[in-house]
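Q: The following block contains the structure, expressed as structure tokens.
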Amino acid sequence: MIDLSLVSDGGVGWLDASGPESHLVLSTRVRLARNLERRPFTVRSTDADREGVLQAVQDVAKKTVGLGHAHLIRIDQLPRIDRQLLHERHLVSKELAVPDAVDPPRAGAALLLQDGVGLMVNEEDHLRVQALTSGLSLGLAWGKVKSLDTELGQQLAFAFHPEFGYLTSCPTNVGTGLRASILIHLPGLVLTKEINKVLQSLVQVGLTFRGLYGEGSEVVGNFFQLSNQTTLGKSEADLLDHLAKIVHEVVGYEERAREVLLRDAPGVIEDKVWRAYGLLRYARSLSFEEAMNLLSGVRLGVGLGLIPNVGMYALNKVLVFTQPAHLATEAGAASSERELAVGRARYVRRTLEEEAGR
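When we follow my numbering, the leftmost residue of the sequence shown carries the number 3, and every step to the right adds one.
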């Protein structure tokens with residue numbers, strides 16, 4: 003089993019609910035896509051090519067401040083359950099970890115981690131520099147990523163075109179190579195049936211939305227990832243400013259929707275959130291989807307001040323630590339769906355009991 007205690011915060015420091023707007027925004031992620039000059043892109047490279055990329059990156063990383071003491075994880079040498087665990091913690095993409103596939107990941111797939119910054123090697127592109135931070139903190143996340151990108155760029159020649167910018171495997175990433183995303187909880191807009199209008203307006207202004215685990219994942223528990231859709235033609239500052247402006251507007255919409263719910267149907271909302279709390283507090287078996295939907299109700303209740311003595315940090319941990327790989331790792335063995343459901347309910351009960359006893 004992988005030992006993430008070697009990483010300062012276990013890779014989940016972003017769960018601590020310390021960032022701005024953390025009652026709604028769980029996390030901010032900023033990442034940059036980069037490829038090394040004069041080397042085949044990952045999708046067309048051989049095993050030897052990718053090993054060469056990894057070695058070159060390791061040699062340079064040791065000389066940087068951002069990754070000088072990084073923990074190296076060879077994704078291509080991990081069992082599926084460990085790769086899935088990293089994916090559940092949002093530390094690696096599905097492209098790198100292939101948690102659901104029978105075949106192992108591509109040779110040379112690796113992750114370097116240090117102080118909330120990660121470097122994925124041999125994903126769709128040679129490098130994916132990323133930072134995960136708590137709450138709505140685009141400036142903080144971008145500062146970490148930019149610093150490391152500068153250090154790496156001083157010693158590694160990146161594939162760059164004077165007209166198009168940084169060159170990437172996927173054309174939508176060409177330009178700055180920047181993708182920024184916000185993981186946000188929007189139950190008020192869902193309950194007031196305003197969510198579709200808001201999501202459609204996001205697309206019209208150049209943003210996109212996805213589920214809990216980004217591209218290809220479904221929306222569960224009213225958790226949405228909002229991110230920029232293109233990277234070409236605008237500077238990093240413009241892309242981040244635009245995303246921040248729109249997310250602040252969405253936060254305002256959600257808060258007004260919650261005010262409407264409390265004004266027009268206080269009894270209904272109070273019953274809904276306490277029912278969700280009661281089920282989570284005492285259930286003996288919970289499917290993933292059921293747990294996420296009930297967790298959404300409890301988060302809403304805590305955010306509205308209806309449910310006391312439950313912290314957002316504890317609820318954020320439930321979001322990640324009730325995922326299948328985490329439950330199987332805690333149990334010390336592979337688990338059936340029924341065993342996972344029982345383990346999930348047990349973890350939630352224990353967490354809420356500890357919160358009640360604080």
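C-beta: ideal position from N, C-alpha, C; glycine also. Bear in mind that the values here come from a model prediction, so they are computed numbers and not experimental data.
(1) Please state the DSSP three-state secondary structure of Arg378.
(2) Leaving out the 5 sequence neighbours to the left and right, which residues in its chain are closer than 7 Å to Leu242 when beta-carbon positions are compared?
(3) Should Asn198 go down as buried or exposed, given a rule of 16 or more other Cβ atoms within 10 Å for buried?
(4) Enumerate in chain order the residues of its own chain whose CB-to-CB distance from Val363 is below 8 Å, with the five nearest sequence positions on each side excluded.
(5) In terms of alpha-carbon separation, which member of Lys65, Asp18, Ala35, Phe226 lies closest to Thr232?
(6) What three-state label does DSSP hand Gly110 in the structure shown?
(7) Could you check if Arg40 is buried or exposed, using at least 16 other CB atoms within 10 Å of its CB as the buried criterion?
(8) Can you check the region 193-239 for any beta strand (DSSP E) of at least 3 residues that lies completely inside it and give the ranges in chain order?
(9) Here's the rule: buried if 16 or more other CB atoms are within 10 angstroms of the residue's CB, otherwise exposed. What is Gln157?
(10) Kindly confirm or deny that the region 155-175 and the region 198-211 touch, where touching means at least three C-beta pairs closer than 8 Å.
(11) Do you know how far the Cα of Asp266 is from the Cα of Asp84?
(12) For Val350, count neighbouring C-beta atoms within 10 Å of its own C-beta (all shown protein chains included) and say buried if the count is 16 or more, exposed if not.
(13) Does any CB atom of chain D fall closer than 9 Å to the CB of Ser338?
(14) May I ask you to verify whether the region 164-183 touches the region 54-72, counting CB pairs closer than 8 Å and requiring at least 3?
(15) Contact defined as beta carbons within less than 8 Å: I believe Leu354 pairs with Val312. What is the distance between those atoms, to the nearest angstrom?
(16) Can you find the residues in the same chain that come closer than 6 Å, C-beta to C-beta, to Leu201, ignoring five residues on each side of it along the sequence?
(17) Using only CA atoms, which one of Glu251, Arg346, Ser171, Leu134 lies nearest to Gly21?
(18) So the beta strand (DSSP E) Val9 belongs to, where does it begin and stop?
A: According to the structure data:
(1) Because the chain spans 3 through 360 in this model, residue 378 falls outside it and cannot be assessed.
(2) Your numbering for residue 242 matches position 240 in the sequence shown. Within the same chain, Cβ atoms closer than 7 Å to the Cβ of Leu242 are found at Leu140, Trp144, Ala182, the five residues on either side in sequence being excluded.
(3) Translated into positions along the sequence shown, residue 198 becomes position 196. Exposed: under 16 other Cβ atoms inside 10 Å.
(4) What is shown of the chain runs 3 to 360, which leaves residue 363 out entirely.
(5) Against the sequence shown, residue 232 aligns to sequence position 230. For the residues Lys65, Asp18, Ala35, Phe226, the minimum Cα distance to Thr232 belongs to Ala35.
(6) Walking along the sequence shown from the start, residue 110 turns up at place 108. Coil at Gly110, not helix or strand.
(7) Within the sequence shown, the letter at position 38 stands for residue 40. So Arg40 counts as exposed.
(8) Qualifying beta strand (DSSP E) stretches, in chain order: 209-212, 225-230.
(9) Looking up residue 157 in the sequence shown gives position 155. With fewer than 16 other Cβ atoms from the protein chains shown falling within 10 Å of its own Cβ, Gln157 counts as exposed.
(10) No contact exists between the region 155-175 and the region 198-211.
(11) Translated into the one-based positions of the sequence shown, residue 84 becomes position 82. Translated into the one-based positions of the sequence shown, residue 266 becomes position 264. A straight-line Cα-Cα distance of about 47 Å links Asp84 and Asp266.
(12) Locating residue 350 in the sequence shown gives position 348, counting from the first residue. Burial is judged here by how many other beta carbons sit within 10 angstroms of a residue's own beta carbon; Val350 has at least 16 and is buried.
(13) This model lacks chain D altogether; it includes just one protein chain.
(14) These segments do not touch.
(15) Locating residue 354 in the sequence shown gives position 352, where the first residue counts as 1. Locating residue 312 in the sequence shown gives position 310, where the first residue counts as 1. That pair is a contact at about 7 Å.
(16) Working through the sequence shown from its first residue, we reach residue 201 at position 199. Within the same chain, Leu201 has close Cβ partners Phe211.
(17) Residue mapping note: residue 21 aligns to position 19 of the sequence shown, counting from 1. Restricting attention to Glu251, Arg346, Ser171, Leu134, the CA atom closest to the CA of Gly21 is found in Leu134.
(18) In the sequence shown, residue 9 corresponds to position 7, counting from 1. Careful: Val9 lies outside any beta strand (DSSP E) and carries neither H nor E.
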